[in-house]
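Here the structure is laid out as structure tokens; the discussion comes afterwards.
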Amino acid sequence: MSKKTTRIAVLLSGGGSNLEAILQAQEAGQLGGAQVVLVLSSKPDASGLTRAANHKVPTAVVDPKAFGGDDFFQAAVLEALVKARIDVVCLAGYLRKVGPEIIRRFRGRILNIHPALLPKFGGTGMFGHFVHEAVLAAGEKESGCTVHVVDDDFDHGPVLAQVKVPVMPGDSPESLAARILEQEHRLYPEVLKEFCEKWMTSGVP
Ligand code: GRF
37 MSKKTTRIAV
47 LLSGGGSNLE
57 AILQAQEAGQ
67 LGGAQVVLVL
77 SSKPDASGLT
87 RAANHKVPTA
97 VVDPKAFGGD
107 DFFQAAVLEA
117 LVKARIDVVC
127 LAGYLRKVGP
137 EIIRRFRGRI
147 LNIHPALLPK
157 FGGTGMFGHF
167 VHEAVLAAGE
177 KESGCTVHVV
187 DDDFDHGPVL
197 AQVKVPVMPG
207 DSPESLAARI
217 LEQEHRLYPE
227 VLKEFCEKWM
237 TSGVP
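Sequential numbering of the sequence shown, starting at 37, is according to the numbering used here.
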């Protein structure tokens with residue numbers, strides 16, 4: 037099986053700086069034949085939606101508060117992905133667990149970026165500043181970011197790539213986060229391109 041374009045959906049809940057990095061890479065011709073065709077947010081006020089609109093990428097809001105339970109929310113996300121004929125799902129600051137039916141339909145084709153060196157400092161409650169606070173509290177000498185394939189558990193699944201950064205004396209969660217985010221913006225588009233190339237040539241990541 038050979039495909040011309042890999043259709044990517046970016047799922048987010050917030051700022052979308054990783055989305056921005058991916059879209060800039062795409063516009064610079066650095067994503068190969070991959071294209072972001074949908075940005076789906078679980079929050080209606082996520083600034084990632086504005087970034088998407090600025091790049092003329094179609095957006096969708098699927099707000100869990102609008103549904104009478106997680107099953108209905110997950111079904112709406114799945115419907116949006118299927119309708120947009122998505123090949124690869126890219127989580128970029130998406131603060132919801134991906135439901136089992138979505139994992140089943142897109143198994144091996146959902147990527148996530150996490151701001152720590154998994155398997156350390158991942159899992160429930162490990163998001164945003166909590167991750168960096170935990171790294172500093174543990175006295176780690178280094179941290180970094182991880183891109184991995186998503187499976188049924190939070191921040192779990194085969195690691196595709198990691199970048200390490202040093203933890204500096206006097207680091208705050210904010211300064212550490214900023215050092216890591218810079219690397220995320222470099223790493224995620226690179227890994228995504230490579231992953232999608234495999235998908236395009238074989239249909240199997
Ligand atoms: C990033 O630190 C990412 O690793 C984590 O959530 C954050 C999202 O940041 N999963 P942004 O919305 O891409 O700016």
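Cβ coordinates follow ideal geometry from the N, Cα and C atoms, glycine included. Note that the structure is a prediction, hence the values are computed from the model and not measured.
Assigned with DSSP and collapsed to three states, I122 falls in coil, not helix or strand.
K92 and V73 have their C-alpha atoms roughly 10 Å apart.
Taking 8 Å as the cut-off, the Cβ atoms of L131 and F109 do not count as close.
Shown here, R145 sits in coil according to DSSP, grouped into three states, outside any helix or strand. Judged by DSSP secondary structure, E218 falls within the alpha helix (DSSP H) whose first and last residues are 209–238. In the structure shown, V93 falls within a coil segment according to DSSP collapsed to helix, strand and coil.
If the five residues before and after A82 are omitted, its C-beta is found closer than 7 Å to the C-beta atoms of L48, S49, G50, G52, all from its own chain and listed in chain order. Per DSSP, A57 is one residue of the alpha helix (DSSP H) stretching across 53–63. Linking Q60 to L153 through their CA atoms gives a straight-line distance of about 25 Å. Per DSSP, K79 has no beta bridge partner at all. Here S49 is not bridged, per DSSP, to any residue.
Residue nearest to V201 within the set G193, R145, L223, D191 is L223 (criterion: CA-CA distance). With distances taken between CA atoms, R121 lies nearest to A45 out of A45, R215, D207. Distance from the C-beta of C232 to the nearest heavy atom of the ligand GRF is not below 7 Å. V134: not part of any alpha helix (DSSP H); DSSP gives it neither H nor E. Nearest to G135 by alpha-carbon distance, out of C181, E178, T182, D187, is D187.
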